[in-house]
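Numbering (this note's numbering), first residue to last: 1 to 245.
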């Protein structure tokens, strides 16, 4: 549920409900998600720490959001570029941030309170916000959905032509959806890291310092069906882009 926190940040907790007709996008989909490990919480949950985190986040949003929206208008003028930033204040949620869409294709970025409390500096939060904004600007959610659909159709058709029964065709479609949804996922993450670096820098934050949080999250390695590239590769992407700014 939502209640205003500031002009451009809302809290999930409180009075009115989240729009019920949001599309069935996986809001925890790795293509649009940044998460720290759950044990990142020996978090300082004092009232003062929470208020400081909220004040700090409001300042970051007020600096990064206009830059992200201008980047969106410049790069993708046909997109809805009016970002809504939500804060999930439930204390039982692990550190996380993700991007999704409302029914009118309005981009929404959600941070959990524990993510704010886990961040070691403002640059990390600014970079994460820039990264999630970049996913929308670059159309990654739509591309992921299209890839998943294409995979389902392809696998289903191949199985059907081979004479498979309906239940086998449905299983093949599920496998195709899984595999298709992961097509180019690593590429999408690196693209979002690159554009997120530019947004973070333009907002006056240090993206290289911000990307240090990659050193604290589990490294996915280079698994074939993985959705995220190795952390070191992401850090190198940020450094390379930042060096040219």
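Beta carbons: idealized from backbone N, C-alpha and C, even for Gly.
Buried versus exposed, by CB contacts within 10 Å (16 or more), residue i
{"i": "residue 65", "result": "buried"}
{"i": "residue 96", "result": "buried"}
{"i": "residue 42", "result": "Confidence at residue 42 is low in this model, with a pLDDT of 49, below 50, so the placement of that residue is unreliable and no value is reported for it."}
{"i": "residue 103", "result": "exposed"}
{"i": "residue 243", "result": "exposed"}
{"i": "residue 55", "result": "exposed"}
{"i": "residue 245", "result": "exposed"}
{"i": "residue 105", "result": "exposed"}
{"i": "residue 46", "result": "exposed"}
{"i": "residue 51", "result": "exposed"}
Opening and closing residue of the beta strand (DSSP E) in which residue i lies
{"i": "residue 107", "result": "107-112"}
{"i": "residue 91", "result": "Segment: none, residue 91 is in no beta strand (DSSP E) and carries neither H nor E."}
Span of the alpha helix (DSSP H) around residue i
{"i": "residue 202", "result": "185-202"}
{"i": "residue 210", "result": "207-210"}
{"i": "residue 138", "result": "Segment: none, residue 138 is in no alpha helix (DSSP H) and carries neither H nor E."}
{"i": "residue 236", "result": "231-243"}
Through-space distance from residue j to residue i, alpha-carbon basis
{"i": "residue 211", "j": "residue 235", "result": "6 Å"}
{"i": "residue 79", "j": "residue 48", "result": "39 Å"}
{"i": "residue 239", "j": "residue 187", "result": "17 Å"}
{"i": "residue 85", "j": "residue 117", "result": "17 Å"}
{"i": "residue 94", "j": "residue 133", "result": "21 Å"}
{"i": "residue 77", "j": "residue 87", "result": "27 Å"}
{"i": "residue 63", "j": "residue 75", "result": "19 Å"}
{"i": "residue 138", "j": "residue 216", "result": "26 Å"}
{"i": "residue 229", "j": "residue 196", "result": "16 Å"}
{"i": "residue 69", "j": "residue 190", "result": "20 Å"}
{"i": "residue 140", "j": "residue 213", "result": "22 Å"}
{"i": "residue 233", "j": "residue 91", "result": "32 Å"}
Distance cut-off 7 Å: residue i Cβ against heavy atoms of the ligand MN
{"i": "residue 102", "result": "This structure simply doesn't include the ligand MN, nor any ligand for that matter."}
Review point. Does the segment 197-206 come close enough to the segment 114-134 that 3 or more CB-CB pairs lie under 8 Å?
Key: They touch, by the three-pair rule.
Exercise for review: Any chance you could list the alpha helix (DSSP H) runs of at least 4 consecutive residues sitting entirely within the segment 38-89, in chain order?
Suggested key: Scanning the segment 38-89 from its first residue to its last, the whole alpha helix (DSSP H) runs of 4-plus residues come out as 47-75.
Review point. For the segment 126-141 against the segment 98-116, are there 3 or more C-beta pairs whose distance is under 8 Å?
Key: Segments in contact, yes.
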